[in-house]
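Chains as they are written, first to last, in our numbering: chain E, 1 to 305; chain S, 1 to 161.
Glycine included, C-beta positions come from ideal geometry on N, C-alpha and C.
Keep in mind that this is a model prediction, so the values were computed, not measured.
Take a look at the structure set out below.
Printed below as a string of structure tokens:
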């Protein structure tokens, strides 16, 4: 689950750009593969969210969240009760992101499944076998169109600006918020005049031993051009041992996940009619990093929490 | 899953009723409840609605409930309108010596959740049972302390007279 560098990303219906890469054989192969993958991704449609399905499956999410991840979510009362809101989270745990699972359960239980709640995810996540059901939870491909549709319908929208860059950061950087300078979420909030609610989580990067984002490797293989993948992560994870790419996911270690939602930031009220993107970005990053530092200080042991 | 928590309170049903029927006092004695808001025009009585959330495990579960039975000094029952399926009841019965037998009942579940729903009900039951037992104990302390204060006030007034 990842990606929300939305504003500057292009795609017509939630699909990645179709670029075949360079003229080399490897690039042509990757380009063909990319088209195959993209062809498997149905048009993202917000109507695919199914409140009844979410309600029926909340007990299993609750079991997973409560028993396995010992999830703890604070500050849900900070999220405005009504209207569109942009939830901006830091992202951890590789391609299987437990913080999203824990937060989705907490949000749906707290506000009820009747409140529309969407999450933007990388195209590849939605194309993985068996993960199509995420659409029923409101997970849609990261694209400007989907983000706009969600906020125009007064829904709560969860984005992870750090995306694949942050979710695969090395485990020794687990207590660092890293959006890689992506500010698209600020433009999105301004465009729709919705508050930003930072959502800070800790523990996800302890579900495996993440060694490297593998950016050089991804670039050398042309994955960025073919799949919008800037990383080819390398980790040590169950059941694979050495796990390159994390394309098939992994069995996460039962790390304790703690999440805190912060008070809403009303951009124009706090930063004027024409907020400076850099100023807002620094403000959001500072708030989230300070909160993450606090959450990290509560942890006594890795994984155990 | 159905859970009940009984207790004997040294106060008449009218005194207990003042507490259980008043939504503004719910957070004073309801253990585990993180939110109890009035959602209807009438704060109390038949048809009044509340948004209540109870922390169980990693989530605050609950939703909007509606009062479907309101017999002063005897019974107040509610059922869920949104969220987790639930039915709850305060059952008050007089006992000799100005005492009251109080029982808090709660049935809950998620219809259609299948095996995982059943497992979740079992796993969550100890937490819910603990919340209910603490709730009736806290209610007993609150009501009996108020009774003591009232009697003390009456004695002071009598001495002053």
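Asked: Which runs of the alpha helix (DSSP H), 4 residues or longer, sit entirely within the segment 58-133 of chain E?; Found: 98-111, 123-127
Asked: Starting from the beta carbon of residue 113 of chain S, find every residue of chain E whose beta carbon is closer than 7 Å, and list them in chain order.; Found: 56, 59
Asked: Tell me whether residue 71 of chain S is buried or exposed, calling it buried when 16 or more other Cβ atoms sit within 10 Å of its Cβ.; Found: exposed
Asked: How is residue 73 of chain S classed by DSSP in three states: helix, strand or coil?; Found: coil
Asked: Measuring CA to CA, which of E:162, E:80, E:114, E:53 is closest to residue 94 of chain E?; Found: E:162
Asked: For the alpha helix (DSSP H) holding residue 121 of chain S, just list the boundary residues, first then last.; Found: 114-160
Asked: Which residues mark the beginning and the end of the alpha helix (DSSP H) in which residue 46 of chain S is found?; Found: From DSSP, residue 46 of chain S is part of no alpha helix (DSSP H); its letter is neither H nor E.
Asked: Using the three-state DSSP reduction, which class does residue 176 of chain E fall into: helix, strand or coil?; Found: coil
Asked: Helix, strand or coil for residue 265 of chain E, going by three-state DSSP, please let me know.; Found: strand
Asked: Can you find at least 3 beta carbon pairs, one from the segment 193-213 of chain E and one from the segment 88-108 of chain E, that sit closer than 8 Å?; Found: yes
Asked: Could you please tell me which residues of the segment 92-115 of chain E, in chain order, have their CB closer than 7 Å to any CB of chain S?; Found: 102, 105, 106, 109, 110, 112, 114
Asked: Kindly say whether residue 65 of chain S, judged by its beta-carbon, lies nearer than 8 Å to any beta-carbon of chain E.; Found: no
Asked: Classify residue 250 of chain E as helix, strand or coil using the three-state DSSP reduction.; Found: coil
Asked: Cα separation between residue 15 of chain E and residue 143 of chain E?; Found: With a pLDDT of 38 at residue 15 of chain E, under the threshold of 50, the modelled position of that residue is not reliable, and no figure is offered here.
Asked: Using the rule of at least 16 other Cβ atoms within 10 Å of the residue's Cβ for burial, across every protein chain shown, is residue 150 of chain S buried or exposed?; Found: exposed
Asked: Going by DSSP in three states, residue 304 of chain E sits in which element: helix, strand or coil?; Found: coil
Asked: In angstroms, rounded to a whole number, what distance separates the CA positions of residue 58 of chain S and residue 258 of chain E?; Found: 10 Å
Asked: Let me check understanding here. Comparing Cα to Cα, which of E:152, E:300, E:198 lies closest to residue 159 of chain E?; Found: E:198
Asked: Counting C-beta neighbours from all protein chains within 10 Å, is the total for residue 166 of chain E 16 or more, i.e. buried, or is it exposed?; Found: buried
Asked: CA-CA distance, residue 72 of chain E and residue 92 of chain S?; Found: 36 Å
Asked: I need the DSSP call for residue 1 of chain S, collapsed to helix, strand or coil.; Found: coil
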